[in-house]
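Colleague: Handing you this structure, nothing more for now.
Residue numbers (the working numbering), protein chains in the order written: chain A, 456 to 664; chain B, 23 to 472.
What follows is the structure in C-alpha cells.
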C-alpha cells in the first residue's frame with residue numbers, strides 16, 4: 456500500500472497521482488497494491504464529503520481521477536472477482552423518471568464505501584426491481600426520483616416487491632429532490648435519505664460495514 | 023417634462039415599469055378593455071399588491087399568492103402532457119380553467135408545455151418528451167450531456183454566436199446538424215470573395231435545414247398566438263401574467279446544457295481560468311437576454327431558474343468564486359435596466375442567503391423551494407422579497423388542514439411586515455386540487471395585513 460498515492464488522490468492532485476502510478480508501474484510495483492491505495496484515497500474523499508469539507512464537484516473530480524488511475528492499471532491487472540465487498544445494494548431511478556445525477560452520486564458513494572452496487576439505470580420498470588432482488592439477493596434497494604410522479608412509481612415498486620413476497624428480505628430507501636418523510640410514509644419505504652452520505656449510512660446500518 | 027428612459031435611475035425605471043403594468047394594452051396597442059369593472063379593479067389591486075411586497079416600503083393589503091405549476095393545470099383539466107404539448111387550443115383552455123378555478127394573483131401563462139410539433143420538426147435532442155422517450159402522461163425531462171466539449175472554451179470565448187450556431191445548435195437539434203458547415207458572418211467583408219461565404223447555403227443539406235427551420239418558425243408562431251391569446255383574455259378577467267422573460271446565472275448556462283453538471287465540475291479543477299473567462303463572457307449576454315425580452319413583452323419580471331448553486335452542490339468557496347460573482351452581475355444589470363429578477367432557487371439555499379444582502383433593496387423577488395423561510399426572513403428579509411416554500415410533497419400527499427398549517431406558519435414568519443408572496447416551492451405536476459384551493463383561500467383569509 457502506498458500512503459502517498461492515497462493522499463494524492465484524496466487531495467485531488469490529478470497530475471501528481473497519475474505520474475505516481477505511471478512511475479510505480481515502471482518500477483515494478485504490484486498493480487493490486489496501487490489499486491488498494493487508490494481505494495484508500497477514495498475512502499478519505501468519502502469521509503471528507505461526509506464532514507462537509509468536500510462537495511459534489513470534489514466527489515465528481517475524485518471519480519474522474521480514479522477512472523484514469525484504473526485505466527492505467529487495467530492492462531496490468533489479471534481478471535479476478537471482486538473481493539471483500541460489504542454487501543449488495545440495488546439502485547435505480549424509478550419508472551417515468553430519467554434523472555440520473557443524484558442516483559449516480561449515491562451509486563458512486565456506495566461503491567467507494569465498499570458495497571457491490573447493481574445499478575439498474577433510469578426509468579426502471581417496477582418488475583425490473585423485483586427481478587433484480589431475486590437475481591442478486593441484495594438486502595438493500597435504493598429508489599431515486601426527482602419528479603412528483605416518482606412518488607407513485609416508488610409506491611408501486613415497494614408494493615410489487617411486497618406482492619412478490621420479498622418485502623421481508625429487503626430494506627428499501629428512497630431519495631431525490633422533493634422526497635421527505637411524508638413521501639416515505641406514502642410509499643411504504645423503510646427510510647429516506649437527503650443525500651449520498653445518508654444513503655451510505657442507511658446501507659451500513661442495514662447490512663453492516 | 024418626462025425623463026427619458028436612459029436618464030432614469032434604476033428606482034425610477036422600476037416605478038415606470040409598474041406604471042406600465044397598471045395601464046395594460048391590448049395586442050393592437052390600445053388600452054386593454056377589461057370584461058368588468060371588478061376585473062379591472064382586481065387586476066390593479068394584484069399589481070399594487072405585488073409592487074408593495076417587492077419594494078419593501080410598506081406591507082401590501084394582504085399577502086399576494088402565486089401559483090407557479092409545471093404540468094398541474096393540464097393534468098387537472100384532464101388531459102395528458104402529450105395532449106397539452108400537441109393541441110394548443112386544448113392546452114390554453116386547460117390553463118384558463120386552472121386560473122379561473124384556483125384564482126392565483128399571478129398566473130405564469132400557458133407556455134410551460136411548449137409546442138410538441140416544433141420539437142419534432144427540428145428533432146430536438148436536449149429533452150425527452152411524451153411520445154419521444156417519455157410516457158404520454160409525464161412531463162418532459164432534460165437529457166444531460168456534454169453538448170459543449172472540454173476543449174471548446176476558446177471557440178466559445180472568441181465568438182459565442184458562431185459557437186452556438188456552428189457547434190451547440192447542430193448538436194441539440196438534429197435537423198440543424200448541417201449548420202456546422204456555415205461560415206462565420208464576420209468573414210463577409212468586401213466584394214472580392216464575398217460570394218464564397220454563401221456557397222454553403224447552396225448545399226442541399228443546409229437548404230433542408232433551412233426548410234425545417236421555416237416550418238418550425240411557422241409552428242412556433244401558431245403556438246405563440248394561442249399562448250399569447252389566453253394571456254390577454256385572462257388579463258381582461260383581472261389576472262395579470264407578470265412574466266416578461268427569462269435569463270440564467272452564467273454558471274447554470276454552462277453547467278445545465280453546455281458542459282453539463284459533470285463537465286463543469288471537472289473544469290473547475292482542470293481549467294478554472296477558462297471557465298471563469300467564459301462565465302464573464304456570458305454575463306452581458308444573459309443581461310441582454312432579459313432586457314431584450316422585457317422590452318418585447320413590456321413586462322419587467324425576469325425569471326431565472328437556479329440549479330447548480332444550491333446547498334450541497336458547491337462548497338461556500340466554490341460558490342463564491344465560480345457562481346455568485348457573475349450571477350450577481352446579471353441581476354444588477356437587469357435591475358439597472360428596470361427589470362425585476364425573479365430567481366427560483368430549487369433545492370435549499372440556506373448557505374447562500376448571506377450573499378443576497380449584496381443586492382439593492384426592494385429590487386428582486388426570490389422563489390424558494392426547501393430553504394428555511396424564517397431564517398431567510400431574518401437574514402435577507404430587509405433586502406429581497408421572498409416567495410414560495412409550500413412543498414410539493416405536501417400539495418400532493420397532505421390534506422387541506424396540513425396546507426392551512428403550512429400557510430399560517432409561512433405568513434407568520436416570512437410574511438411578517440410584508441415582503442412575502444405565498445407560493446409553491448418547486449414547479450409541481452401533481453397535487454390534490456383541494457390542497458391548491460386551500461392554499462389560495464387561506465392566504466386570502468389569514469394573510470390580510472391590519
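Glycine included, every Cβ here is placed at the ideal spot set by N, Cα and C. In this text, all values refer to a predicted model and were calculated from it rather than measured experimentally.
1) Closer than 9 Å between beta carbons: that is the criterion. Which residues of the stretch 586 to 618 of chain A meet it against chain B?
2) For residue 393 of chain B, which residues in the same chain have their Cβ closer than 6 Å to its Cβ, ignoring the five residues on either side in sequence?
3) Which of the three DSSP states is assigned to residue 186 of chain B in this structure?
4) Counting along the chain, where does the beta strand (DSSP E) carrying residue 365 of chain B start and finish?
5) Below 8 Å, can you find three or more Cβ-Cβ pairs linking the stretch 410 to 425 of chain B to the stretch 454 to 461 of chain B?
6) What residues in the stretch 289 to 323 of chain B bring their beta carbon closer than 9 Å to a beta carbon of chain A?
7) Excluding the 5 residues flanking residue 199 of chain B on each side, which residues of the same chain have their C-beta closer than 7 Å to its C-beta?
8) Does the beta-carbon distance from residue 278 of chain B to residue 361 of chain B come in below 9 Å?
9) Mind the definition here: the stretch 290 to 303 of chain B touches the stretch 251 to 260 of chain B only if three or more C-beta pairs lie below 8 Å; say whether that holds.
10) Here's the rule I'm using: 16 or more other beta-carbon atoms within 10 Å means buried, otherwise exposed. How should residue 213 of chain B be labelled?
11) Measure the CB-CB distance between residue 89 of chain B and residue 129 of chain B and report whether it falls below 9 Å.
12) Since residue 545 of chain A and residue 593 of chain A should fall inside the 8 Å C-beta cutoff, what is the C-beta to C-beta distance between them, to a whole number of angstroms?
13) Got a sec: is the Cβ-Cβ distance from residue 567 of chain A to anything in chain B below 9 Å?
14) Mind listing which residues of the stretch 438 to 454 of chain B have their C-beta closer than 9 Å to chain A's C-betas, in chain order?
15) Assuming residue 410 of chain B and residue 469 of chain B make a contact with CB atoms under 8 Å, what is their CB distance in whole Å?
16) Apply the 10 Å Cβ neighbour rule to residue 616 of chain A and answer buried if 16 or more other Cβ atoms are within range, or exposed otherwise.
17) Any idea if residue 216 of chain B is buried or exposed, counting beta-carbon neighbours within 10 angstroms, 16 or more meaning buried?
18) Taking only beta carbons into account, state which residues of the stretch 322 to 349 of chain B come closer than 7 Å to chain A, listed in chain order.
19) CB-CB under 7 Å to residue 516 of chain A, same chain, minus the five flanking residues each way: which ones, in chain order?
20) Under 8 Å Cβ to Cβ from residue 54 of chain B, same chain only, skipping five residues before and after it: list those, please.
21) Tell me residue 47 of chain B's beta-bridge partners as DSSP assigns them.
22) Would residue 87 of chain B and residue 465 of chain B qualify as a contact pair, given that the criterion is a beta-carbon distance under 9 Å?
23) What's the gap between the Cα of residue 480 of chain A and the Cα of residue 490 of chain A?
24) If the cut-off is 9 Å on Cβ atoms, which residues from the stretch 149 to 160 of chain B count as contacting chain A, listed in chain order?
25) Quick test of the definition: if touching needs 3 or more C-beta pairs under 8 Å, does the stretch 381 to 389 of chain B touch the stretch 334 to 341 of chain B?
26) Please compile the residues from chain B whose C-beta is within a distance smaller than 7 Å of the C-beta of residue 467 of chain A.
27) How would you label residue 314 of chain B, buried or exposed, when you count the other beta carbons within 10 angstroms and need 16 or more for buried?
28) Say whether the stretch 139 to 152 of chain B touches the stretch 104 to 119 of chain B, bearing in mind that this needs 3 or more beta-carbon pairs closer than 8 Å, one atom from each stretch.
29) Using 8 Å as the threshold, is the stretch 61 to 72 of chain B in touch with the stretch 343 to 350 of chain B, meaning 3 or more CB pairs across them?
30) Name the residues in the stretch 510 to 529 of chain A whose C-beta lies less than 8 Å from a C-beta of chain B; which are they?
31) Compile a chain-ordered list of the residues in the stretch 352 to 368 of chain B whose CB is closer than 8 Å to at least one CB of chain A.
32) Could you confirm whether any beta carbon from chain A is found closer than 9 Å to the beta carbon of residue 420 of chain B?
33) Let me check understanding here. Comparing Cα to Cα, which of A:653, A:506 and A:644 lies closest to residue 608 of chain A?
34) Residue 104 of chain B touches chain A at which residues, Cβ-Cβ below 8 Å?
35) If you draw a straight line from the alpha carbon of residue 3 of chain B to that of residue 436 of chain B, how long is it in whole angstroms?
36) What's the call for residue 27 of chain B, buried or exposed, on a 16-neighbour Cβ count within 10 Å?
Modeller: The answer reads as follows:
1) 601, 602, 603, 604, 606 and 607
2) Working through the second chain from its first residue, we reach residue 393 of chain B at position 371. Correct list, in chain order: 370, 371 and 372.
3) Translated into the one-based positions of the second chain, residue 186 of chain B becomes position 164. Helix, per DSSP.
4) The count along the second chain starts at 1 and reaches residue 365 of chain B at position 343. That run of the beta strand (DSSP E) goes 362 to 367.
5) yes
6) 290, 291 and 292
7) Taking the first residue of the second chain as position 1, residue 199 of chain B is located at position 177. Taken in chain order, the residues that qualify are 192.
8) Here the question's residue 278 of chain B lines up with position 256 in the second chain. Here the question's residue 361 of chain B lines up with position 339 in the second chain. Against a cut-off of 9 Å, the Cβ pair of residue 361 of chain B and residue 278 of chain B comes out as no contact.
9) Touching, no.
10) The residue labelled residue 213 of chain B in the question sits at position 191 within the second chain. Result: exposed.
11) As a first step, residue 89 of chain B must be located in the second chain, where it is residue number 67. As a first step, residue 129 of chain B must be located in the second chain, where it is residue number 107. Taking 9 Å as the Cβ cut-off, residue 89 of chain B and residue 129 of chain B qualify as a contacting pair.
12) Locating residue 545 of chain A in the first chain gives position 90, counting from the first residue. Locating residue 593 of chain A in the first chain gives position 138, counting from the first residue. The pair is a contact, with the Cβ atoms about 5 Å apart (cut-off 8 Å).
13) As a position in the first chain, residue 567 of chain A is number 112, starting the count at 1. Cβ-Cβ to chain B under 9 Å: no for residue 567 of chain A.
14) 447, 448, 450, 451, 452 and 453
15) Along the second chain, one-based indexing puts residue 410 of chain B at 388. Along the second chain, one-based indexing puts residue 469 of chain B at 447. Residue 410 of chain B to residue 469 of chain B, Cβ: 14 Å. No contact.
16) If you number the first chain from 1, residue 616 of chain A lands on position 161. Buried is the call here.
17) On the second chain, position 194 is the one that residue 216 of chain B refers to. Classification for residue 216 of chain B: exposed.
18) 334, 335, 336, 337 and 340
19) Here residue 516 of chain A refers to the residue found at position 61 of the first chain. Closer than 7 Å at the Cβ level, and outside the excluded window around residue 516 of chain A, lie 467.
20) Taking the second chain and counting its residues from 1, the one referred to as residue 54 of chain B is at position 32. Correct list, in chain order: 46, 47, 48, 254, 257 and 258.
21) Sequence index remark: in the second chain, residue 47 of chain B carries index 25 (1-based). Partner(s): B:53.
22) Along the second chain, one-based indexing puts residue 87 of chain B at 65. Along the second chain, one-based indexing puts residue 465 of chain B at 443. Yes. Within cutoff.
23) Stepping through the first chain from its first residue, residue 480 of chain A is reached at position 25. Stepping through the first chain from its first residue, residue 490 of chain A is reached at position 35. About 11 Å.
24) 150, 155, 156, 157, 159 and 160
25) no
26) In the first chain, residue 467 of chain A corresponds to position 12, counting from 1. In chain order: 291.
27) As a working note, residue 314 of chain B is residue 292 in the second chain. Exposed is the call here.
28) Short answer: they touch.
29) no
30) Answer in chain order: 510, 511, 512, 513, 515, 516 and 519.
31) 368
32) Here residue 420 of chain B is taken as the residue at index 398 of the second chain, counted from 1. Closer than 9 Å to some Cβ of chain A, the Cβ of residue 420 of chain B qualifies, so yes.
33) Stepping through the first chain from its first residue, residue 608 of chain A is reached at position 153. Residue A:644 is the option with its Cα nearest to residue 608 of chain A.
34) As a working note, residue 104 of chain B is residue 82 in the second chain. Residues of chain A whose Cβ lies closer than 8 Å to the Cβ of residue 104 of chain B do not exist, since the nearest Cβ in that chain is about 13 Å away.
35) In this structure chain B extends from 23 to 472, so residue 3 of chain B is not present and cannot be described.
36) On the second chain, position 5 is the one that residue 27 of chain B refers to. By the neighbour-count rule (16 or more Cβ atoms within 10 Å), residue 27 of chain B is not buried but exposed.
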